[in-house]
Structures are given as C-alpha cells and as structure tokens.
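Residue numbers (our numbering): -10 to 286.
One structure is given here, and the rest of the page talks about it.
Structure, rendered in structure tokens:
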C-alpha cells in the first residue's frame, strides 16, 4: 500500500508540473468546469505527449470534426472530400474547401451576430456573422455541377445553411426555403489560428471558398435558441453598432473571425443599404468572380 500511495503522489506531481493549475482544477471538476460562458477558459492542456490535434477537445466538437467537407480547387471545382479535422490542419495547408457565411436580418434590418462558444476547435470566443460553416460532401449539399452555379452549388450551400442555422442557433429548418437565401458572391481567404491567444489550437486554420448569403426573417429574435456547445452569445446590431464592434476589435478589446472581418470591410455595408429592396440587392450578385481577400491566396 505504501508503494502504491508513493506512486500516486509521484504521478500527481508530474501532472501538476505538466499542466497549468486551471486545467488541473478543471480535471477535478472545479466550478470552472460548469456550463461554459464566453469568458471561461476551455480545457486545452495536453498533459501527455499526443499526436492527436483534438486531444482534450469537447466530445461533440470532436464528433463533428469527422464530417466530410467538399474539397475544391482555386476555381471552386470539386476535387474530392476530407474530414473537417484533416482539412483544417495547418500542416496540410489547410486544404481548400467550400464554406458558406449567412447574414440574417430581422424586420428592422438589424443583423444577427453570434459569438462562438469556447468549445469550438477554431476561433473560440470570436464574434462572427449569423452562421458560418461548411456544406458537406453529400448529394444534397454538393449540388449538381451540371446545373450551373446558381442551381447547383449555391442551392447546396443554402441547404447546408438551413441545417446549421437549426443546429447552432435553434432556428427551425421549416423557417426557411432555399429560395429565401440571396446569394451575393464568393470569397477565397486563408487564416490560421492565433498561436498566442488563450484557448486557441495553433494546429488549425481556415482555407475556404466561402459562399455569402443575405436572408431576412421578421421576428427572428423569437426563434433563436442557441446551442451552448456552438454559440455563447448573440446580438442584433444595426450598422452603427457593428462599426462600434469593429472599432473595439481594432483596439484589441474583442475578436472578430477573419472571414467576417474581411467581408465587413469589403462588402457588407454596401449590400446592407439595399437589404429591403430585393431587386437592388440582386444587382450586387456576382456569380463569375471569386474574390481573393487577405494574405496568402
């Protein structure tokens, strides 16, 4: 028994040296391990050497990282499929894949923002547009390439958006039809995690052809019921409030996801002015151009 107790003390000492105190407390079930808030650190210490880039990650997030995303070339032509985890590893590029970004507005023209939960593998705790994720490599979300961009890949991305709006924000899928989503254009960007930021996993990044959608739904605030595993805060903002948030991000007080910051700087406010006029909004649509934004693309 004395030998066993001595061995346990030795293991405990090694763990205390290898892991930050906050992570040791989380492992013991301290108050910090209760349901997440936006400001709570998430457990990320990998106490033992591991080649698993998802070691210590939230189990539900790990499950979704096994989903297969659509790999594309620079012209958005499908080249294959890969798991989310492998496609987002910096060591692999990250691999260029298809994504979507939804900007959802209420009847007053206010934009719904979300703050990503601390459990997210990439960009945890960052403010971003309403919903941003990936079409999966399934017939419904791929779209048929022979149907052209608008009737093929765009409709596939819109179906993915409806799925994720329900999964992340609790908005029932029946709220939307595919034709409610106004496709505007595509962007190509590359962004890597901030290795110096608390809670971020430096192994991961984003490299996407991102399909951008506007959609407006009266009474949307009554339908939002965020999934705390995905979203820790939501906010409806007008243009002035969003500019204030962007200024706060520039001052280092909050963080915006890189794709959201690029879209806001390049397009968002011009499009927003025409939100209430579908005809004028449609004039902003650009199906031919893939806008290369930011560094590295």
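Backbone N, C-alpha and C define an ideal beta-carbon position, used for all residues, glycine too.
- Sixteen is the threshold: since fewer than 16 other Cβ atoms of the shown chains lie within 10 Å of the Cβ of residue 211, the residue is exposed.
- By the C-beta criterion, the stretch 65 to 83 is judged not to be in contact with the stretch 93 to 106, since fewer than 3 inter-stretch pairs fall below 8 Å.
- Around the C-beta of residue 246, 16 or more other C-beta atoms lie within 10 Å, and the residue is accordingly described as buried.
- Contact between the stretch 101 to 118 and the stretch 139 to 147 is absent: fewer than 3 CB-CB pairs across the two stretches fall below 8 Å.
- The bridge partners DSSP lists for residue 105 are 220.
- It is roughly 29 Å from the alpha-carbon of residue 190 to the alpha-carbon of residue 66.
- Fully enclosed beta strand (DSSP E) runs of no fewer than 3 residues occupy 86 to 94, 100 to 105, 120 to 122 of the stretch 80 to 161, in order along the chain.
- Per the coordinates, the alpha-carbon of residue 182 lies some 11 Å from the alpha-carbon of residue 196.
- Taking C-beta atoms as the reference points, residue 171 and residue 203 count as a pair closer than 7 Å.
- Taking residue 169 as reference, the option from 206, 53, 137 with the minimal CA-CA separation is 206.
- In this structure, the alpha-carbon of residue 125 lies about 31 Å from that of residue 235.
- Taking C-beta atoms as the reference points, residue 281 and residue 177 count as a pair closer than 7 Å.
- In the same chain as residue 265, and ignoring 5 residues on each side of it, the C-beta atoms closer than 7 Å to its own belong to 98, in chain order.
- Distances from the alpha-carbon of residue 218 to those of 108, 102, 90, 44 put 108 closest.
- With contacts defined by Cβ atoms closer than 7 Å, residue 251 and residue 283 form a contacting pair.
- Put simply, of 179, 224, 158, 239 the residue whose alpha carbon is nearest the alpha carbon of residue 214 is 158.
- Judged by their CB atoms, residue 88 and residue 123 are nearer to each other than the 7 Å cut-off.
- Beyond the five residues adjoining it in sequence on each side, residue 227 comes within less than 6 Å, by CB distance, of 99 in the same chain, given in chain order.
- For a cut-off of 8 Å, the C-beta gap from residue 152 to residue 162 is around 7 Å, short enough to register as a contact.
- Residue 58 and residue 128 have their C-alpha atoms spaced approximately 12 Å apart.
- Residue 44 is positioned such that its CB atom lies no closer than 7 Å to that of residue 220.
- For the pair residue 118 and residue 101, the Cα-to-Cα distance works out to about 7 Å.
- In this structure, the straight-line span from the alpha carbon of residue 131 to that of residue 222 is close to 30 Å.
- Linking residue 69 to residue 84 through their CA atoms gives a straight-line distance of about 11 Å.
- Counting only runs of 4+ residues, the alpha helix (DSSP H) found wholly inside the stretch 194 to 246 occupies 228 to 239, in chain order.
- Apart from sequence neighbours up to five positions away, the residues of its chain that approach residue 155 with a beta-carbon distance below 7 Å are 161, 162, ordered along the chain.
- Exposed is the label assigned to residue 229, since fewer than 16 other Cβ atoms lie within 10 Å of its Cβ.
- Sequence-distant partners of residue 237 (beyond 5 residues in either direction) whose C-beta falls short of 7 Å from its own C-beta, in its chain, are 243.
- When the beta-carbon positions are compared, residue 180 and residue 91 stay at least 7 Å from each other.
- Counting of Cβ neighbours within 10 angstroms places residue 55 among the exposed residues, the total staying below 16.
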